[in-house]
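Under numbering that gives the first Met the number 0, the first residue of the sequence shown carries the number 0, and numbering increases by one thereafter. The beta-carbon is built from N, C-alpha and C at its ideal position, and this holds for glycine as well.
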Amino acid sequence: MTLVLALAIIAFAAGFHAHWAVGGTLGYSVSLPQSADGTPVMAHRLPWWRPAAGGVTLCLLALALLLLAEAGHLRLPLPPEFVGSALLVIGIAFVCRALVPNVYVGFFKTMRSTRWARYDTRLYSPLFLLLGLLILWQAF
């Protein structure tokens, strides 16, 4: 059941990132951390936003493959130790993204007044925490 839930979250996130990568706008306004005035924190990097969304899509799909391989549903040309170690590192990174204090992201962020911050508190950080824990569960 943990594998199915993890794969569902990954599919949901990959779908949004793929949508943005090909020019979609659904959810665009809350897809990047915002400063107090509502502008994206990294406005100078906006030209790279769509290619980066495509890269995130590919990384999420690779994560799904690693989870399937760890569960024994898929054979990858990688040593099992590598798959387990990669999942351990990714799981820890996702949990840290949700829990480590930061200005713009995570449960303990200091910038809380923007639309992005509300979405991060109610949706993104809980999903990162849950997915991180599910990945760690699979890794062990």
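C-beta neighbour in chain B for V94, strict 8 angstroms
Any reference to chain B falls outside this structure, which holds one protein chain only.
Between which residues of its own chain and L75 is the CB-CB distance below 7 angstroms, once the five residues before and five after are set aside?
Position 76 of the sequence shown, counted from the first residue, corresponds to residue 75. Sequence-distant Cβ neighbours of L75 in its own chain, meaning closer than 7 angstroms and more than five residues away, are L64, A68, V82.
Beta-carbon gap between H16 and L86 smaller than 8 angstroms
Residue numbering aside, residue 16 sits at position 17 when the sequence shown is read from its first letter. Residue numbering aside, residue 86 sits at position 87 when the sequence shown is read from its first letter. No. Outside cutoff.
To the nearest angstrom, how far is it from the Cα of A51 to the Cα of V21?
Translated into the one-based positions of the sequence shown, residue 51 becomes position 52. Translated into the one-based positions of the sequence shown, residue 21 becomes position 22. For A51 and V21, the distance between alpha carbons rounds to 11 angstroms.
Any idea what DSSP makes of P100, helix, strand or coil?
Within the sequence shown, numbered from 1, the residue matching residue 100 stands at position 101. Three-state DSSP puts P100 in coil, outside helix and strand.
For I113, does the count of other Cβ atoms within 10 angstroms reach 16, so buried, or fall short, so exposed?
The residue given as residue 113 occupies position 114 in the sequence shown. Looking at the sequence provided, one finds Thr at residue 113 rather than Ile. Only buried fits T113, as 16 or more other CB atoms lie within 10 angstroms of its CB.
Taking 8 angstroms as the limit between beta carbons, can you name the residues of its chain near L98, skipping five residues before and five after?
Residue mapping note: residue 98 aligns to position 99 of the sequence shown, counting from 1. Excluding sequence neighbours, L98 sits near G105, F106, F107, L128.
Separation of L2 from I9, as counted between CA atoms
The residue given as residue 9 occupies position 10 in the sequence shown. The residue given as residue 2 occupies position 3 in the sequence shown. In a straight line, the C-alpha of I9 is about 10 angstroms away from that of L2.
Can you check whether the CB of V40 is closer than 8 angstroms to the CB of P32?
As a first step, residue 32 must be located in the sequence shown, where it is residue number 33. As a first step, residue 40 must be located in the sequence shown, where it is residue number 41. Result yes, Cβ atoms of P32 and V40 sit closer than 8 angstroms.
Distance between A138 and W19 (C-alpha atoms, nearest Å):
For the purposes of this step, residue 19 is taken as residue 20 along the sequence shown, with counting starting at 1. For the purposes of this step, residue 138 is taken as residue 139 along the sequence shown, with counting starting at 1. Each residue's alpha carbon lies about 30 angstroms from the other.
Once the 5 residues before and after A35 are set aside, which same chain residues still bring their CB inside 8 angstroms of it?
Your numbering for residue 35 matches position 36 in the sequence shown. Closer than 8 angstroms at Cβ, skipping near neighbours: M110, S112, T113.
Quick check: the Cα distance between A42 and A12, rounded to an integer number of angstroms?
Translated into the one-based positions of the sequence shown, residue 42 becomes position 43. Translated into the one-based positions of the sequence shown, residue 12 becomes position 13. The straight-line gap from Cα to Cα measures roughly 22 angstroms.
Reference F93, options Y123, L25, R117, W48, closest by Cα
Here the question's residue 93 lines up with position 94 in the sequence shown. Closest option to F93, Cα to Cα, is Y123.
Whole-Å CB distance - H5 paired with L135, under 8 angstroms assumed
One-based indexing of the sequence shown puts residue 5 at position 6. One-based indexing of the sequence shown puts residue 135 at position 136. One point to set straight first is that residue 5 is Ala, not His, in the sequence displayed. That belief does not hold up - the Cβ atoms of A5 and L135 are roughly 10 angstroms apart, past 8 angstroms.
Which value, in whole angstroms, describes the spacing of the CA atoms of Y27 and E80?
Position 28 of the sequence shown, counted from the start, is the residue given in the question as residue 27. Position 81 of the sequence shown, counted from the start, is the residue given in the question as residue 80. Answer to the nearest angstrom: the Cα atoms are 38 angstroms apart.
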